[in-house]
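Heads up: the sequence shown at position 87 corresponds to 87 in UniProt numbering, and the numbers run straight through without jumps.
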Amino acid sequence: MNSPARLKASVCVDAVLENLSTVDAMKLVADCGYPAFEFWKWWDKDLDAINQAREELQLQVAAVCTKFVSLVDPDVRAEYLAGLKESIAAAGNLNCPVLISQVGDARPGVDRAEQRDCLIAGLKEAAPMLEDSGVVLAIEPLNELIDHAGYYLVRSDEAFSIIQEVDSPNVKVTFDIYHQQISEGHVIANLTQNVNAIAHFHAAGNPGRHELDRGELHYPSIFAAIADTGYSGHVGLEYWPVNDAAAGLREAASWIKKV
Numbered sequence: 001m002n003s004p005a006r007l008k009a010s011v012c013v014d015a016v017l018e019n020l021s022t023v024d025a026m027k028l029v030a031d032c033g034y035p036a037f038e039f040w041k042w043w044d045k046d047l048d049a050i051n052q053a054r055e056e057l058q059l060q061v062a063a064v065c066t067k068f069v070s071l072v073d074p075d076v077r078a079e080y081l082a083g084l085k086e087s088i089a090a091a092g093n094l095n096c097p098v099l100i101s102q103v104g105d106a107r108p109g110v111d112r113a114e115q116r117d118c119l120i121a122g123l124k125e126a127a128p129m130l131e132d133s134g135v136v137l138a139i140e141p142l143n144e145l146i147d148h149a150g151y152y153l154v155r156s157d158e159a160f161s162i163i164q165e166v167d168s169p170n171v172k173v174t175f176d177i178y179h180q181q182i183s184e185g186h187v188i189a190n191l192t193q194n195v196n197a198i199a200h201f202h203a204a205g206n207p208g209r210h211e212l213d214r215g216e217l218h219y220p221s222i223f224a225a226i227a228d229t230g231y232s233g234h235v236g237l238e239y240w241p242v243n244d245a246a247a248g249l250r251e252a253a254s255w256i257k258k259v
């Protein structure tokens, strides 16, 4: 199967294919017709084996995470930046264009505006090394209602306003459709109106975070809306399958290519 004409889909192998080794998962991703894959922690993977497999399978690494250090705590900013430097090098090794960053949990007893200022200052400090490398850092809002109680950055509008203040072409947002459906809804309007600030998407059915066709979100319409904007990045399928993973991936690939 050729890659989708209007939308590039990526499979998060740490979620959809969590019971397989990374290389075996990559083989299944390619067999199901996807052009790209992604995973979370590069630092506990055999990157040489992944590189060899991606060249053989002609797959792209769409995104990996940077190290999980808080951006709202100034006491660990140096640790965050050191981890980011290592992550940029890993992304370069993998020819990966996007690093996904969580921002950390809110700090109890600390004014929210103070934490926001800290987050922005950290991203501004990170921006030059990102711009020099060409890698894009994409901060990710997460829902606090079900999956990430206490997380600082919940809504996409706040994420967009933060990166507007950072004002770097290499600092953007990961828009997780599942998380934002829970946190705010209105996903098509919110993502299409801010698509230039989005470097990566994640997708899963809601409720449950399972296959795309399970639940209240109509992904053919959502993906068509993304494609209509001219978005050129990847949409990552990041869900935990209820049914056979390979069959579900093939089914999704069959309609994604028609978007």
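The beta-carbon is built from N, C-alpha and C at its ideal position, and this holds for glycine as well.
- With the rule of 3 Cβ pairs closer than 8 Å, the segment 181-196 counts as touching the segment 131-151.
- With fewer than 16 other beta carbons inside 10 angstroms of its own, arginine 112 counts as exposed.
- Nearest in C-alpha terms to glycine 83, of all of Arg107, Gln115, Val72 and Ala126, is Ala126.
- Three or more beta-carbon pairs separated by less than 8 Å link the segment 196-208 to the segment 164-172, which places the two stretches in contact.
- For glutamate 140, the secondary structure class from DSSP, reduced to helix, strand or coil, is coil.
- Runs of the alpha helix (DSSP H) lying entirely within the segment 171-211, each at least 4 residues long, are 177-183 and 187-193 in chain order.
- Across the structure, methionine 26 and glutamate 216 are spaced so that their CA atoms are roughly 29 Å apart.
- Straight-line spacing of the CA atoms in arginine 209 and arginine 107 works out to 27 Å.
- In the three-state DSSP reduction, serine 10 falls in the strand class (E or B).
- When only Cα atoms are considered, leucine 7 and aspartate 117 end up about 35 Å apart.
- If you check the CB distance, valine 235 and serine 10 come in under 8 Å.
- The C-beta of glutamine 115 has 16 or more other C-beta atoms within 10 Å across all chains shown, which makes the residue buried.
- Note: phenylalanine 37 is bridge-paired with Val11 and Val61 in the DSSP secondary-structure output.
- Across the structure, valine 110 and tryptophan 255 are spaced so that their CA atoms are roughly 47 Å apart.
- Isoleucine 226 carries a helical assignment under DSSP once its states are collapsed to helix, strand and coil.
- A Cβ-Cβ distance of about 5 Å is found for the pair valine 135 and isoleucine 88, placing them in contact under the 8 Å criterion.
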